[in-house]
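Taking it in order: structure first as structure tokens, then the write-up.
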């Protein structure tokens with residue numbers, strides 16, 4: 001765990017825990033082994049400390065002008081991390097790490113997600129058939145995910161009873177506490193995964209796996225990273241893409257209803273690929289979600305890469321160039337100021353060049 005991070009409600013930092021471990025490692029070893037053995041997550045480690053920051057430039061009278069952060073117990077985060085190791089090991093051992101997930105399993109990343117997306121699009125390009133992208137966002141995914149939806153995949157995977165009990169106990173009787181002056185406000189936390197927890201991404205992926213396993217029409221590809229879902233749909237013509245796209249969204253909406261997860265319509269987009277001229281932005285496929293036609297765009301930013309409908313990546317390269325130019329200018333300014341005051345270094349620097 002990273003040092004110098006703010007401690008939780010008890011004020012015990014990671015530095016203190018490391019000192020304790022160096023003095024007597026048996027104390028922590030015994031405590032955590034018993035928690036794992038009996039499937040118990042101590043109640044006092046389930047308490048989160050709420051800190052609220054005012055966003056710069058926002059009207060302080062508005063609720064969305066504040067950013068809440070929840071600080072968790074360091075002792076609890078260590079047990080949480082151990083739990084992640086156990087679950088990940090069991091998933092890997094039983095070959096249950098989903099191949100369409102790119103944000104948590106080892107060996108996968110933003111790069112693999114974008115490469116897999118390119119492969120899915122390239123199939124349509126080679127066949128010279130129409131293809132379109134759907135970008136979907138699950139609204140408040142980590143904050144509102146139904147905990148029953150997290151526990152159910154664990155039963156399906158036949159996890160050891162002590163691990164299942166520990167996860168179930170981990171979600172039981174969680175609370176958040178806000179301190180201001182002499183007053184304390186206490187809130188029950190019955191939905192979602194704890195903010196800043198080690199296990200949050202893993203538990204969310206267990207739920208997302210069930211969406212990735214949905215039977216989709218032939219010629220469709222789905223993948224996810226965190227709460228971002230990308231669907232690639234190809235067909236022989238625009239009408240077939242419309243049929244497939246609406247059928248896929250019906251399945252995803254049903255999945256969302258089952259797990260009490262709504263989709264954010266304002267952050268759901270369609271980007272037809274116009275590379276071969278098989279589709280165009282003036283007459284795109286009509287695909288709807290909750291009776292709302294999905295907004296058609298000419299570019300989509302996916303995991304820091306800006307994809308455009310013509311697959312030129314011009315906007316992405318321009319953004320990178322502007323960022324590089326800005327950094328180069330700042331570096332040259334600092335270097336010039338540094339060397340101008342140190343003639344010896346300046347002469348040596350010029351000679352090296």
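In UniProt numbering, the protein residues as written are 1 to 353. All C-beta atoms in this analysis are idealised placements derived from N, C-alpha and C, irrespective of residue type, glycine included. Computed from a predicted structure; not experimentally measured.
Excluding five sequence positions before and after residue 120, the CB atoms of its chain that fall closer than 6 angstroms to its own CB belong to 221 and 232, given in chain order. Per DSSP, reduced to three states, the secondary structure at residue 86 is helical. Measuring C-alpha to C-alpha distances from residue 171 to each of 326, 6 and 199 identifies 199 as the nearest.
The beta carbon of residue 37 lies closer than 7 angstroms to those of 162 in the same chain, with the five residues before and after it left out.
Per DSSP, reduced to three states, the secondary structure at residue 28 is helical.
As a beta-bridge residue in DSSP terms, residue 183 pairs with 180.
Rounded to whole angstroms, the separation of the alpha carbons of residue 131 and residue 241 is 8 angstroms.
Rounded to the nearest angstrom, the gap between the Cα atoms of residue 292 and residue 281 is 18 angstroms. Beta-bridge annotation (DSSP): residue 49 is paired with 71 and 177. Nearest to residue 44 by alpha-carbon distance, out of 58, 6 and 77, is 77. Beta bridge pairing from DSSP links residue 208 with no other residue.
Residue 144: member of the alpha helix (DSSP H) spanning 141-144, first to last residue. The DSSP assignment places 238-258 as complete runs of the alpha helix (DSSP H) inside the region 232-259, in order along the chain (cut-off: 4 residues). It is roughly 21 angstroms from the alpha-carbon of residue 226 to the alpha-carbon of residue 289. Listed in chain order, the non-local C-beta contacts of residue 185 below 6 angstroms within the same chain comprise 178, local neighbours out to five positions each way being set aside.
Straight-line measurement puts the Cα of residue 307 at about 43 angstroms from the Cα of residue 169.
With 16 or more other CB atoms across the displayed protein chains lying within 10 angstroms of its CB, residue 211 is buried. The shortest C-alpha to C-alpha distance from residue 53 to any of 42, 272, 224 and 67 is the one to 67. Under the three-state reduction of DSSP output, residue 293 falls in the strand class. About 6 angstroms separates the beta carbon of residue 285 from that of residue 245, a gap short enough to meet the 8 angstroms contact definition. Per DSSP, residue 299 is not a residue of any alpha helix (DSSP H); the beta strand (DSSP E) it occupies stretches across 299-302.
Under the DSSP definition of a beta bridge, residue 328 lacks any partner. Minimum Cα-Cα distance from residue 39 among the listed residues 160, 236, 264 and 319 corresponds to 160.
Here residue 263 is bridged, per DSSP, to 138. Distance from residue 275 to residue 139 at the Cβ level is roughly 31 angstroms; contact not present, criterion being Cβ atoms closer than 8 angstroms.
For residue 216, the three-state secondary structure derived from DSSP is coil.
Residue burial annotation: residue 326 is exposed, with fewer than 16 other C-beta atoms found within 10 angstroms of its C-beta.
A Cβ-Cβ separation of about 7 angstroms places residue 35 in contact with residue 166 under the 8 angstroms criterion. Residue 181 and residue 80 have their C-alpha atoms spaced approximately 31 angstroms apart. For residue 205, the closest alpha carbon among the candidates 332, 141 and 50 is that of 141. Partner residues in the beta bridge of residue 221, as assigned by DSSP, are 232. Per DSSP, the continuous beta strand (DSSP E) segment holding residue 269 begins and ends at 269-272. Here residue 188 is bridged, per DSSP, to 175. When only Cα atoms are considered, residue 295 and residue 270 end up about 6 angstroms apart. Annotated as proximal: residue 8 and residue 73, with beta-carbon spacing under 8 angstroms. Note that the C-beta distance between residue 207 and residue 259 is below 8 angstroms.
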